[in-house]
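Chemist: Below is a structure I'd like to ask you about.
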Amino acid sequence: MKVSIRWALIAGFLGLIWGTQLIITSSSYISSERVLLDHAKSIMANITDLTMEQSHNHLALAQTAAHLTKRLISNNVVSSDLDSLDHLERYFFDQLSIYPHFAGIYYGTPSGEFFYVSRSNVKCDKGFRTKIILKKNGGNETTLIWRNEHLDEIAREIDLADTYDPRERPWFQKALKEDGIVWTDPYIFFTSKKPGITIAGPAKTPDGQLKGIVGVDIDIDQLSIFIGKLKIGQHGMAFMFNNNGDVVAFPDLNMLRKDDNQLVKIDQINDERTQKAYLAANWSFSDDTRLILTKPQFTEFTHKGATYHAMFSPFNDDLWPWIIGVFIPEDDYLGSLKANRRLNILITVGISILATILGLILSRSIIRPIANLEKEARAVEKFDMLTHYDTHSVYQEIQVMSDTFNRMKNSFNKHENEKSRLENQLIRSERLAATGQLAASIAHEINSPLQSVIMLLQTLEAKHKDDPKLLEDLDLMKHVFATVKNRIKSFQDLNRPFMAVKMPTNINEIIETTVNLVRVNLSKNLIKINLDFDPNLPKINAASQHFSQIFLNLINNSIDAISEKSDIDINDIHMDDRLPVAGTINIRTSYEGGGIVINISDTGPGISEEVLHSLFDLFVTQRKDKGMGIGLAICKGLVKEYNGRIEAGNLVDGGAEIIITLPADVV
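If you read the sequence shown in our numbering, its first letter stands for residue -11, the second for the next number, and so on.
This is the structure:
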C-alpha cells in the first residue's frame, strides 16, 4: 500500500507545528513563572535593603549627635552647669535646626535636675520650648520658656507643682545601667503625638564620674513617608514593626496610633492584607514574648481570591530590633504572563489552521521549482541568459540543484562580462598607443616651426622696442604660440610622466591672462564673461602654463556650448547695432575650508546625462563634430597633479558648472 506524500506531509506538518507550539508554550510559561517569582523575591529584598539604609541614615544622625553631646559635656566644651545654661541651650537649638527629624534634646543629672529643648507649636508656628528643672528647697522649680523660630523669647512660666524626675525615666535608668548608648522601643511622643524613638547615653568626667544622661527624641514618621513612596508593583506595600509587635512605619500614618496614643500592634492594624501577611509567616517568640527572626523569610497568602507573596527580613543592626515586611500580588508580575499564555493558545490554533492550508499546497511547492528549472534550462540552451524563473524551494535537494544551476548561469555571465571588459581595455590601450604616436608626430612636425615663429617674434621685439603698441601685440602672439606649444606637450604627456617647474602663482592672474587670450573669440560669439575674484586668494606652488591650459580648455568648451545653443546669427549684425548677448560665462574664485575653489559656469545647454558621469574620461565628448574628448581628460590629469579635485554638474536654471578645488600652499 502506497501512502500519498501529500497527505503524509500534511499530517507530519500538523503534528510538528501543534506539538512544537504546545511544548514551547508550556515550557515557556513554567520557566517564565519561576524566573518572575525569583525576580519578585529579588525586588522585595532590594526594597528591604533600601528601607534599612534609609532607616539607618535617619537614626545614625541621632546616634552621632548623642555621642557628640555627651563628649562635649564630658569635656566641658559645652557647660552642663544648670545655673548657667545659655551655651547648652544654644547648642541644643543648633542641633534641632540642623536635624529636622529631632523632636527634642535633653540632659538629666544624677541629682534629678533636668534641661530639655524641644519643638513646640503651642505659642507660635515653628517654635521651641525650653524646660529647666532645678532642685530648690527640697522640691522642683520648673521654668518653661517659649521661643520663636528666631530664638526670641516670647513667653515664660514658672511651675512649682511639676514632679518630673528624669532619674525615674526608662531612658535614664537604661543608659545608667548599661553605661553606654541605648535605644528605647518606638512609642508616641507626648507633646507632638508623633511616633518616635529615644537614644540616650551617659556623660562623664575624665576620671569616670557621672555628670548626667544625654537624650535625643527622634521623629520616625519620615520612615512611614519614605515607605509610602516606594513603588512595589501596582498593589504591593512595605511596612516596619518592632520585635515587640509595635508598628514602627506604615504608608498610612493615621493607622500607627491607637486611641490611647500608643503604637498599634502588627496583628491589630486596620489593614487586612498586612495582618494576613504577618499571620502567614512562621514566627518564633522569646521568653519575654518578643519576635525572633534571624534571616529573611518568604511566605504567601490569599486575599479576595488573589495570591500574594510576602517577605519578612530582620533589621541589620542589633541596636534597632525591627522587622521589615513587604508583600506584592502575584498578578502584578504574572498577570501579563497569564494573558500571554491565553494569546499563545489562540496563536497555536491559528497556526494549526494555517498548517492545514499549507499542507494542501505542499505538492505544488515541490513541482513548481522543478518545472521552472526545466524552463530556465531550455532558455540557456538558446543562449538566453536574461530570462529567469523563480526556482526557490524549501526543500534542500531542490534548492541545491537550483543554486548550482544559477551559479552555472552566473559563471557564463561573468565570462561574457570579463570578455567585454578585456576587449574594452584592449581598445583603450590601442587608443592610448595611437594617441602617443600621434602626439610624437605632432610634436616633431609642429614644434620646430613654432619655435622658429617664437624666435622671429623675439627678433621683432628687439627691433621695435620703441613701439609699445606693437610690442603688446607681439607679446600676445607669443602667449598664443606658447599656449599651442604647451597643449601639444600636454598631449604628449598623456603617455609619459610630465615634469614642470612650479613656483608661487596667483590663480586670479592666470585666469585674467587666459581670458585676455580669448577676448576676440568671446566678442566674435557675443559672449559676456563675468569675473568675481577673491582679492585675498593665497598663492600656490604651480606651473602657470598648466592652469592656463586648464582654464583655456574650460572657457573654450563654454564658448562652444553657448554658440551651439544660441540662435543669434552674428553675420546679420551690423557694427552700429546694439550687440545682443548670446550667453554668459561666470568665473568665481574663493578661499574656503583651507583650499582654493574655482567655479566656472555658463548659460549653455548643459551636460547631457549620458556623458556626465564619465565626462573627464579620455575620448568622451558630447560634441563629436568639434573635438576628440581629450581636453577635459588633460584638465583632470593636471588638477590631480596638484592633489586637487574637478567636478562637473548642471545648474538648476540651465547651463553647465565646473568646480575645481585645490589645496592652498600659502607662500
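Using N, Cα and C, we set each Cβ at its ideal position, and we do this for glycine too.
1. Given this structure, state the Cα-to-Cα distance separating ASP255 from ASN232, to the nearest angstrom.
2. If you drop the 5 nearest sequence neighbours on each side, which residues of the same chain put their C-beta closer than 6 angstroms to that of CYS623?
3. Based on the DSSP secondary-structure assignment, which residues constitute the bridge partners of ASN529?
4. Does DSSP classify VAL147 as helix, strand or coil?
5. Would ALA636 and ILE648 qualify as a contact pair, given that the criterion is a beta-carbon distance under 7 angstroms?
6. Just verifying my parser: in three-state terms, what is the DSSP assignment at ASN545?
7. Which word fits ARG144, buried or exposed, when buried means at least 16 other C-beta atoms lie within 10 angstroms of its C-beta?
8. Since HIS534 contacts LEU626 with CB under 8 angstroms, what's their CB separation in whole angstroms?
9. Quick test of the definition: if touching needs 3 or more C-beta pairs under 8 angstroms, does the region 36 to 56 touch the region 173 to 189?
10. State the beta-bridge partners of PHE315 as determined by DSSP.
11. Using a Cβ-Cβ cut-off of 6 angstroms (strictly less than) and excluding sequence neighbours within five positions of GLN42, which residues of its own chain qualify?
12. Note down, in chain order, each residue of its chain lying with its Cβ closer than 7 angstroms to the Cβ of ASP557, except the 5 sequence neighbours on either side.
13. How long is the line joining the alpha carbons of ILE316 and LYS264, rounded to whole angstroms?
14. Classify TRP271: buried if its beta carbon has 16 or more other beta carbons within 10 angstroms, exposed otherwise.
15. Excluding sequence positions up to five away, which residues of its chain have a Cβ less than 8 angstroms from the Cβ of VAL110?
16. If we ignore side chains and look at the alpha-carbon of each, how far apart do THR131 and ASP234 end up?
17. Rounded to a whole number of angstroms, what is the C-alpha to C-alpha distance between VAL508 and LEU620?
18. In terms of alpha-carbon separation, which member of SER106, GLU166, ASP209 and TYR377 lies closest to PRO174?
19. Quick check on this structure: which residue in ALA327, ILE280, SER324 and HIS467 has the alpha carbon closest to the alpha carbon of PRO309?
20. Which runs of the beta strand (DSSP E), 3 residues or longer, sit entirely within the region 182 to 256?
21. Just curious, the beta strand (DSSP E) that VAL585 is in, first and last residue?
22. Which same chain residues end up closer than 6 angstroms to ASN545 when comparing Cβ atoms and leaving out the 5 residues on each side of it in sequence?
23. Taking its Cβ as the centre, do 16 or more other Cβ atoms sit within 10 Å of ARG78, making it buried, or is it exposed?
24. So, GLY583 versus ALA549, is the Cβ gap smaller than 7 angstroms?
25. Sort out for me which residues DSSP pairs ASN574 with in a bridge.
26. Alpha helix (DSSP H) containing ASN638: first to last residue?
27. What number of angstroms, rounded off, separates the C-alpha of GLY126 from the C-alpha of ASP140?
28. Can you round the beta-carbon distance between PRO239 and GLY216 to whole angstroms, since I take them to be within the 8 angstroms contact cut?
29. For PHE539, which three-state DSSP category applies?
30. Based on DSSP bridge pairs, tell me the residues matched to PRO651.
31. Among ASP522, GLU598, THR609 and LYS527, which one has its Cα closest to the Cα of ILE575?
32. Whose C-beta lies closer than 6 angstroms to the C-beta of SER381 among residues of the same chain, with five residues either side of it excluded?
33. Specify whether the region 25 to 41 and the region 288 to 295 touch according to this definition: at least 3 beta carbon pairs, one from each stretch, less than 8 angstroms apart.
34. Taking Cβ to Cβ, would you say ASP195 is nearer than 7 angstroms to ALA91?
35. Buried or exposed: which applies to MET396, given that a residue is buried once 16 or more other Cβ atoms fall within 10 Å of its Cβ?
36. In terms of DSSP beta bridges, what is THR287 paired with?
Modeler: With the given structure in hand:
1. Within the model, the alpha-carbon separation for ASP255 versus ASN232 is close to 11 angstroms.
2. Spatial neighbours of CYS623 in its own chain (CB-CB distance under 6 angstroms, excluding positions within 5 residues in sequence) are listed in chain order as ILE538 and ASN541.
3. Looking at the DSSP assignment, ASN529 forms a beta bridge with PRO492.
4. Looking at the sequence itself, residue 147 is Asp, so the reference to Val does not match. Three-state DSSP puts ASP147 in a strand.
5. No, these two residues do not count as a Cβ contact at 7 angstroms.
6. In the structure shown, ASN545 adopts helical secondary structure according to DSSP, grouped into three states.
7. Answer is exposed; the Cβ neighbour count stays below 16.
8. The Cβ separation is near 5 angstroms, so the contact holds.
9. Yes, the region 36 to 56 is in contact with the region 173 to 189.
10. According to DSSP, residue pairing for PHE315 in a beta bridge involves MET225 and ALA298.
11. PHE214, listed in sequence order.
12. Its pLDDT being 49, under 50, ASP557 is placed unreliably by the model, and the measurement read from it follows with that caveat. Sequence-distant Cβ neighbours of ASP557 in its own chain, meaning closer than 7 angstroms and more than five residues away, do not exist here.
13. Near 12 angstroms, if we compare the C-alpha coordinates of LYS264 and ILE316.
14. Exposed, because fewer than 16 other Cβ atoms sit within 10 Å of the Cβ of TRP271.
15. Apart from sequence neighbours up to five positions away, the residues of its chain that approach VAL110 with a beta-carbon distance below 8 angstroms are ARG117 and TRP134, ordered along the chain.
16. Separation of THR131 and ASP234 (C-alpha to C-alpha, rounded to the nearest whole angstrom) is 34 angstroms.
17. One C-alpha to the other measures close to 23 angstroms.
18. Nearest to PRO174 by alpha-carbon distance, out of SER106, GLU166, ASP209 and TYR377, is ASP209.
19. Answer by Cα proximity: ILE280.
20. List check, beta strand (DSSP E) in window: 183 to 192, 198 to 207, 225 to 230 and 235 to 237.
21. Annotation: the continuous beta strand (DSSP E) that includes VAL585 extends over 583 to 590.
22. Result list for ASN545: empty, nothing under 6 angstroms.
23. Under a 10 Å Cβ-count criterion, ARG78 is classified as exposed, with fewer than 16 other Cβ atoms of the shown protein chains found around its own Cβ.
24. The answer is no: Cβ separation not under 7 angstroms.
25. ASN574 is bridged by DSSP to ASN518 and SER589.
26. Membership of ASN638 in any alpha helix (DSSP H) is not indicated; the residue belongs instead to the beta strand (DSSP E) covering 633 to 638.
27. In a straight line, the C-alpha of GLY126 is about 32 angstroms away from that of ASP140.
28. About 4 angstroms; that satisfies the 8 angstroms criterion.
29. Correct three-state label for PHE539: helix.
30. Looking at the DSSP assignment, PRO651 forms a beta bridge with GLY583.
31. That would be ASP522, whose Cα lies nearest to the Cα of ILE575.
32. Cβ within range, chain order: PRO357 and GLN387.
33. With the cut-off at 8 angstroms, the region 25 to 41 and the region 288 to 295 do not touch.
34. If you check the CB distance, ASP195 and ALA91 do not come in under 7 angstroms.
35. Burial call: exposed.
36. ALA298.
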